[in-house]
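**Q**
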Amino acid sequence: MKTLINDNKIAGVHQVQWDGKDDVGQKVSKGVYLYRMTAGDYSATKKLILLK
Numbered sequence: 047m048k049t050l051i052n053d054n055k056i057a058g059v060h061q062v063q064w065d066g067k068d069d070v071g072q073k074v075s076k077g078v079y080l081y082r083m084t085a086g087d088y089s090a091t092k093k094l095i096l097l098k
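Under my numbering, residue 98 is the last one in the sequence shown; the count climbs by one each step, no gaps.
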């Protein structure tokens, strides 16, 4: 598991890049991962496919 951003942002469009590593800096295996984005009362979970 990895937390990419954990702070408040002003309203607008934002981008986040993930380096394919976990919280301890180890590269994760290829596969299907779920990610969650939460903003106020809104929360969405989506799929991400990591290919190597």
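Using N, Cα and C, we set each Cβ at its ideal position, and we do this for glycine too. Computed from a predicted model, the values in this text were never measured in an experiment.
Do you know how far the Cα of residue 50 is from the Cα of residue 83?
**A** Spanning the two alpha carbons is a distance of roughly 10 Å.
**Q** Restricting to Cα atoms, I'd like to know which of 53, 81, 48, 65 is closest to residue 92.
**A** When only C-alpha atoms are compared, the closest one is 81.
**Q** Taking the straight line between their C-alpha atoms, what separation do you get for residue 62 and residue 90?
**A** The straight-line gap from Cα to Cα measures roughly 15 Å.
**Q** At what residues does the beta strand (DSSP E) containing residue 84 begin and finish?
**A** Note, residue 84: beta strand (DSSP E), 77-85.
**Q** Can you give me the C-alpha to C-alpha distance between residue 64 and residue 85, rounded to a whole angstrom?
**A** Rounded to the nearest angstrom, the two C-alpha atoms are 19 Å apart.
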